[in-house]
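Residue numbers (the UniProt record's numbering): 1 to 319.
The C-beta atom is built at its ideal place from N, Cα and C for all residues, glycine as well.
Here is the structure we will look at.
Set out below in structure tokens:
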């Protein structure tokens, strides 16, 4: 079914159906609450969480059936460019975003690049700075270095002078990660990656999206007092763990997700992104890496690209 673009009080929106499919519908333009801004969406950042939501594995806190955690656009009735972090609902022509989770952009900032910022940068802040307490010149392992979050994490850690190890699913992504600042790259499907890391000083912080059978290798890779920060479990939610090593090395294992954080914590994270990380973005010390751009109606193609694990950086939907 072909739908015309927004007219009157209606807009286009993608909604997840009970069978996991996603359907384009016409619906009402939302009305912002007192603490919200109405944004006309120009571009949408796609995250693996959107696909997990379709699969019933990562539901929105409010039970919403519209995916989308980050967008960029124009505040309705103005010319102000913004990007925003959302709990859900981003796959829409218009969204209402909490004022505290909106980032006002410089006038010449590209809105395609801006859509790659809110979820990824805030997650990097949560993982490296809040949970990891990253410091200059530490050793950091970032799994999934070619992902949207991974590409930002590599740049952020490298900008602090850290030695960055990173993993990808294939060797074709190594050069991409090295250009972002990674010192050592490896294929995480290779056994015993801990040997490479330990030979080069071990790691103080691990940002992990893999889980599963890779947990033991992560523990072996960590230095004493190291921190393992788990953001996702792409390769399994269950694993055996050597608690002896955890105890003897005084390790911290931290599981965290941005979506489940209370609003006041998200506000604090976003404020830190505005104050500390966005200046790095404007000075191009941290750059949004865009893998590909798809039309709004090409959401299935974009989701399949994510599932293929062949992308390098963010995938964007453009309205």
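*asked:* My assumption, with CB atoms under 8 Å, is that residue 155 sits in contact with residue 181. Please give the rounded CB distance.
replied: So it is a contact: roughly 6 Å between Cβ atoms.
*asked:* In whole angstroms, give me the CA-to-CA distance for residue 247 and residue 135.
replied: 23 Å
*Beta-carbon proximity list for residue 293, same chain, < 7 Å, skipping 5 on both sides*: 112, 316, 318
*Is it right to say residue 2 is buried, meaning 16 or more other beta carbons lie within 10 angstroms of its own, or is it exposed?*
Per-residue confidence for residue 2 stands at a pLDDT of 48, beneath the threshold of 50, marking its modelled position as unreliable; the derived number appears in the next sentence. With fewer than 16 other Cβ atoms within 10 Å, it is exposed.
*asked:* Just verifying my parser: in three-state terms, what is the DSSP assignment at residue 186?
replied: strand
*Distance, Cα to Cα, residue 325 vs residue 25?*
The question about residue 325 has no answer here: the residues shown for the chain are numbered 1 through 319.
_Restricting to Cα atoms, I'd like to know which of 149, 91, 48, 130 is closest to residue 64._
91
*Since I believe residue 143 is in contact with residue 207 (beta carbons under 8 Å), could you give me their beta-carbon distance rounded to a whole number of angstroms?*
Correct: roughly 7 Å between the Cβ atoms.
*Neighbour-count burial assignment, residue 190, 16 or more Cβ in a 10 Å radius*: exposed
_Quick check on the DSSP output: the alpha helix (DSSP H) that includes residue 159 runs from which residue to which?_
Unbroken alpha helix (DSSP H) run through residue 159: 148 to 159.
*asked:* Is it the case that the stretch 74 to 88 contacts the stretch 277 to 287, given that we only count it when at least three CB pairs across the two stretches are under 8 Å?
replied: no
*Validate contact between the stretch 234 to 242 and the stretch 210 to 217 using beta carbons, cut 8 Å, 3 pairs*: Flag = yes, the stretch 234 to 242 and the stretch 210 to 217 touch.
*In angstroms, rounded to a whole number, what distance separates the CA positions of residue 222 and residue 306?*
29 Å
*Who are the near neighbours of residue 204 in its chain, counting only those whose CB is closer than 6 Å to its CB and skipping five residues on each side?*
138, 139, 223, 226
*Rounded to whole angstroms, how far is the Cβ of residue 14 from the Cβ of residue 299, which I believe are closer than 8 Å?*
So it is a contact: roughly 6 Å between Cβ atoms.
*asked:* Considering only DSSP beta bridges, list what residue 95 is partnered with.
replied: 39
*asked:* In this structure, how does DSSP classify residue 311 when only helix, strand and coil are distinguished?
replied: coil
_Considering only their Cβ atoms, is the gap separating residue 82 from residue 102 smaller than 7 Å?_
yes
*Looking at the structure shown, is residue 29 part of a helix, part of a strand, or coil, going by DSSP?*
coil
*What are the boundary residues of the alpha helix (DSSP H) that includes residue 225?*
Segment 222 to 230 is the beta strand (DSSP E) holding residue 225; no alpha helix (DSSP H) there.
_Measuring straight from C-alpha to C-alpha, what distance separates residue 244 and residue 73?_
50 Å
*Sorted by chain position, which residues of the same chain lie with C-beta nearer than 8 Å to residue 173's C-beta, five sequence neighbours on each side aside?*
145, 146, 185, 312
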